[in-house]
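Here's the structure, in structure tokens; my notes come after.
2 protein chains.
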Amino acid sequence: MEKLERIPTKQDIIETYEAIAEMIHYTPMMMSESLNQISGAELFFKCENFQKIGAFKMRGAASAAIRLTDKELENGLVTHSSGNHAQAVARAAQLLGVPAYIVMPENAPSIKVEATQGYGAEIIFCKNVEDREPTVRAVVERTGATFIHPYNDYNVIAGQATCAMELLQDVEELDVIMAPVGGGGLLSGTALSTRYWSPSTKVIGAEPDIVNDAWRAMQSGQIESNTSTDTIADGLRTNLGEKTFDIIRQHVDDIITVSEEAIIEAMKLVWERMKIIIEPSCAVPLAAVLQNKERFEGEKVGIILTGGNVDLKKLPF
Amino acid sequence: MEKLERIPTKQDIIETYEAIAEMIHYTPMMMSESLNQISGAELFFKCENFQKIGAFKMRGAASAAIRLTDKELENGLVTHSSGNHAQAVARAAQLLGVPAYIVMPENAPSIKVEATQGYGAEIIFCKNVEDREPTVRAVVERTGATFIHPYNDYNVIAGQATCAMELLQDVEELDVIMAPVGGGGLLSGTALSTRYWSPSTKVIGAEPDIVNDAWRAMQSGQIESNTSTDTIADGLRTNLGEKTFDIIRQHVDDIITVSEEAIIEAMKLVWERMKIIIEPSCAVPLAAVLQNKERFEGEKVGIILTGGNVDLKKLPF
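As they're listed, the protein sequences go chains W and Y. For the first sequence, the positions run 1 to 317 when my numbering is used. For the second sequence, the positions run 1001 to 1317 when my numbering is used.
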């Protein structure tokens, strides 16, 4: 399968989906009467917390990995991440029978380190963010492994796009589809699938007030960075990349930002009412709906619940 | 619809199912690769935590309520419960447009009180267990409401039986089906449906060591009581009733008891691996499998996850 060097087409996404089907779950869509009542909208939740490794990141990692040549693959995969992308790359490598090397900061939560090791990966610690890329380069030199970027890669974006593709197959005529935005891999993939399969559906990204770089980038027309990353939504601390921003600028209708309190409240509501476990990052789009009820009143809103990997010992409520 | 004065037949359960279909959810069945790996068995989880009011109790309450005559129904429903049965009766009354009166101990957790009030019920507090039945009688005298027993009632049992009926439709040829046992409403209903729809499937109940009255009752041939009820599995503190014990004695193959630590560990595993929220009581059958791995090795085991109503502020891990 050829590597994508362009914005994924509809056909690219379909082919990606067929190629990764064995490596991922078709995740269920859930509804909640009580959250419909609270929000005033009709909400359709795409449950990527039930995805393999507990997050949508499995789609993008699988999509990138299966496109590597035998030669690129044989020495394994490497990435830097302390989050779900780490587990996704580790699991993809395991499924393809090659080694995985994951660069993580020294202060990464032990639960994330252990989960990634659980998929057979070797963890290489780096001191800080500046040290991250040199450490990856050193791993590549030592092992010959191939780097998989967490989001700024069309192959990864095509994988993440399969999530909205599934949701748009399950639910017709959504008024809005929402995804959280960090590096923008999921949001850009969601925007592409929506344009291809349901062009009249609005695409809205949601992010914490504290890391509102995507919102500012939409205003300024250029990639913005964040001065603080101190949000509970740990999956959304990253900036957009060029490739993801390019797609988002063209195909995303709006970005809504929300407070930390609203994120925690929305997360708790999902746990209590839907009886499912979601990460704080996941709760950001629902928080955006609940903070803007009049805007979404009576609308059919698709929300991608991105993942469920939380440390049960450190809950915010 | 006629009230059941006998052990529910297959036809009774089918008719019950059709009659309550509008009031309940057909709940999903979930599997988990990682729990299969950990247990060595093939596990099929029936997710009653996604049931209306967050627990299977909705089935039994609906089944009992819809069989009442207009005259019995018009003054509303009354029960005593501080748990899921309270919410189930409240919700059933709400759906049928009649009042609900729920007798709860003064020290009932405020989260349960509020949830039950949320379904429009009036809460009447009683001082202690001895005061419970007189309080119910006083409510009946004052209001004319009709009492719905939490488990020792064939109409309730027929409702709970619809849960295993659904699971046995979804999964063929289970070797074992397991349910937790408190008062025995769910276990006796499960046993009946299993005998009717999959007679070769073994039926096993699971309960905490601390409240092992069902296990002792199976040995002694008579209903036993518990000296302590200090288990985290708060849904399983009750003794069997005559009607439930009669069915369990005939149709249940075994009762397995488990430690408190095993319950907490099993609950945590479900939260972490399946990303769903279950109550401690739910985790008891999985704990029984994990404590007896050789016994269940390679078997297809159906497990009813009974409910997901937990106080997120008081987690045991």
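The beta carbon of each residue, even a glycine, is placed where N, CA and C say it ideally should be. Here the structure is a predicted model, which means the values were calculated and not measured.
How big is the Cα-Cα spacing for residue i and residue j?
| i | j | result |
| --- | --- | --- |
| Gln87 (chain W) | Arg237 (chain W) | 18 Å |
| Ile1157 (chain Y) | Leu1095 (chain Y) | 20 Å |
| Glu1177 (chain Y) | Tyr26 (chain W) | Going by the sequence as given, residue 1177 (chain Y) is Ile instead of Glu. If I take the Cα positions, the gap works out to 27 Å. |
| Gly182 (chain W) | Lys1003 (chain Y) | 58 Å |
| Glu242 (chain W) | Ile223 (chain W) | 7 Å |
| Val252 (chain W) | Asp213 (chain W) | 15 Å |
| Gly185 (chain W) | Ile123 (chain W) | 24 Å |
| Thr1016 (chain Y) | Thr1162 (chain Y) | 8 Å |
| Val258 (chain W) | Ser281 (chain W) | 11 Å |
| Thr1229 (chain Y) | Gly1235 (chain Y) | 10 Å |
| Ser225 (chain W) | Ala64 (chain W) | 26 Å |
| Phe147 (chain W) | Glu1114 (chain Y) | 52 Å |
| Thr1116 (chain Y) | Pro1150 (chain Y) | 15 Å |
| Pro134 (chain W) | Ala61 (chain W) | 22 Å |
| Gln1250 (chain Y) | Ala1288 (chain Y) | 21 Å |
| Glu1265 (chain Y) | Ala1283 (chain Y) | 9 Å |
| Gly118 (chain W) | Ile111 (chain W) | 10 Å |
| Ile1210 (chain Y) | Asn1152 (chain Y) | 22 Å |
| Leu290 (chain W) | Gly307 (chain W) | 20 Å |
| Leu43 (chain W) | Glu1033 (chain Y) | 29 Å |
| Asn239 (chain W) | Glu74 (chain W) | 31 Å |
| Glu1022 (chain Y) | Lys1052 (chain Y) | 11 Å |
| Leu1167 (chain Y) | Glu18 (chain W) | 30 Å |
Which two residues bound the contiguous alpha helix (DSSP H) that contains residue i?
| i | result |
| --- | --- |
| Arg268 (chain W) | Arg is not the amino acid found at residue 268 (chain W); the sequence shown has Lys there. It spans Glu260 to Leu269 - the alpha helix (DSSP H) in which Lys268 (chain W) sits, taken as one unbroken run. |
| Pro285 (chain W) | Val284 to Gln291 |
| Ala245 (chain W) | Residue identity check: residue 245 (chain W) is Phe in the sequence provided, not Ala. Unbroken alpha helix (DSSP H) run through Phe245 (chain W): Glu242 to His251. |
| Gly60 (chain W) | Lys57 to Ile66 |
| Ala206 (chain W) | Element bounds for Ala206 (chain W): not the alpha helix (DSSP H) but the beta strand (DSSP E), Lys202 to Pro208. |
| Leu1168 (chain Y) | Tyr1154 to Asp1170 |
| Glu1002 (chain Y) | Here Glu1002 (chain Y) belongs to no alpha helix (DSSP H), and DSSP marks it neither H nor E. |
| Ala90 (chain W) | Asn84 to Leu96 |
| Thr1190 (chain Y) | Gly1185 to Trp1197 |
| Glu18 (chain W) | Lys10 to Ile20 |
| Arg227 (chain W) | Checking the displayed sequence, the identity of residue 227 (chain W) turns out to be Thr instead of Arg. That residue, Thr227 (chain W), is in no alpha helix (DSSP H); it is neither H nor E in DSSP. |
Buried or exposed: where does residue i fall if 16 or more other Cβ atoms within 10 Å of its Cβ makes it buried?
| i | result |
| --- | --- |
| Asn128 (chain W) | exposed |
| Glu207 (chain W) | buried |
| Thr1227 (chain Y) | exposed |
| Pro199 (chain W) | exposed |
| Gln1160 (chain Y) | buried |
| Ser220 (chain W) | exposed |
| Asp1012 (chain Y) | buried |
| Glu130 (chain W) | exposed |
| Arg1091 (chain Y) | buried |
| Leu1269 (chain Y) | buried |
| Arg1059 (chain Y) | buried |
| Met1030 (chain Y) | buried |
| Gly97 (chain W) | exposed |
| Lys1314 (chain Y) | exposed |
| Leu1325 (chain Y) | Nothing in the structure corresponds to residue 1325 (chain Y), since chain Y is present only between 1001 and 1317. |
| Gly1120 (chain Y) | exposed |
| Glu294 (chain W) | exposed |
| Thr1201 (chain Y) | buried |
At which residues does the beta strand (DSSP E) containing residue i begin and terminate?
| i | result |
| --- | --- |
| Met1218 (chain Y) | First-last for Met1218 (chain Y): Asp1213 to Ser1220, but that is the alpha helix (DSSP H), not the beta strand (DSSP E). |
| Lys1046 (chain Y) | Glu1042 to Cys1047 |
| Ala106 (chain W) | Reading off the sequence, residue 106 (chain W) comes out as Glu, not Ala. First-last for Glu106 (chain W): undefined, no H or E at that position. |
| Ala179 (chain W) | Val176 to Pro180 |
| Glu299 (chain W) | Looking at the DSSP string, Glu299 (chain W) is not in any beta strand (DSSP E), and its letter there is neither H nor E. |
| Glu33 (chain W) | Run containing Glu33 (chain W): none in the beta strand (DSSP E); it sits in the alpha helix (DSSP H), Glu33 to Ser39. |
So, does the CB of residue i fall closer than 8 Å to a CB anywhere in chain B?
| i | result |
| --- | --- |
| Phe317 (chain W) | Absent from the structure is chain B; the protein chains it does hold are W and Y. |
Practice item. Anything in the region 47-78 of chain W with a Cβ closer than 9 Å to a Cβ of chain Y? List those residues in chain order, please. Key: Cys47, Asn49, Phe50, Lys52 and Gly54
Review point. When the Cβ atoms of the region 65-81 of chain W are set against those of the region 38-51 of chain W, are three or more pairs found closer than 8 Å?
Key: no
Exercise for review: Decide yes or no for the touch test of the region 1167-1175 of chain Y against the region 1140-1155 of chain Y: beta carbon pairs closer than 8 Å, at least 3 of them.
Suggested key: no
Point to revise | Residues in the region 282-309 of chain W having any Cβ partner in chain Y nearer than 9 Å | key: Gly307, Gly308 and Asn309
Review point. Would you call the region 267-277 of chain W and the region 1265-1282 of chain Y in contact, with 3 or more CB pairs under 8 Å?
Key: yes
Practice item. Check whether the region 1097-1112 of chain Y touches the region 1033-1047 of chain Y, counting contact only when three or more Cβ pairs, one atom from each stretch, lie closer than 8 Å. Key: no
Point to revise | Contact residues within the region 250-284 of chain W, judged by C-beta distance below 9 Å to chain Y | key: Lys268, Trp271, Glu272, Arg273, Met274, Lys275, Ile276, Ile277 and Ile278
Review point. Of the residues that make up the region 173-184 of chain W, which ones have a beta carbon closer than 7 Å to any beta carbon in chain Y?
Key: none
Review point. Mind listing which residues of the region 1-32 of chain W have their C-beta closer than 9 Å to chain Y's C-betas, in chain order?
Key: Pro28 and Met30
Exercise for review: Could you tell me whether the region 1295-1314 of chain Y touches the region 283-303 of chain W, using the rule of 3 or more Cβ pairs below 8 Å?
Suggested key: no
Check your understanding: Along the region 94-115 of chain W, what residues have a CB closer than 7 Å to any CB found in chain Y?
Key -> none
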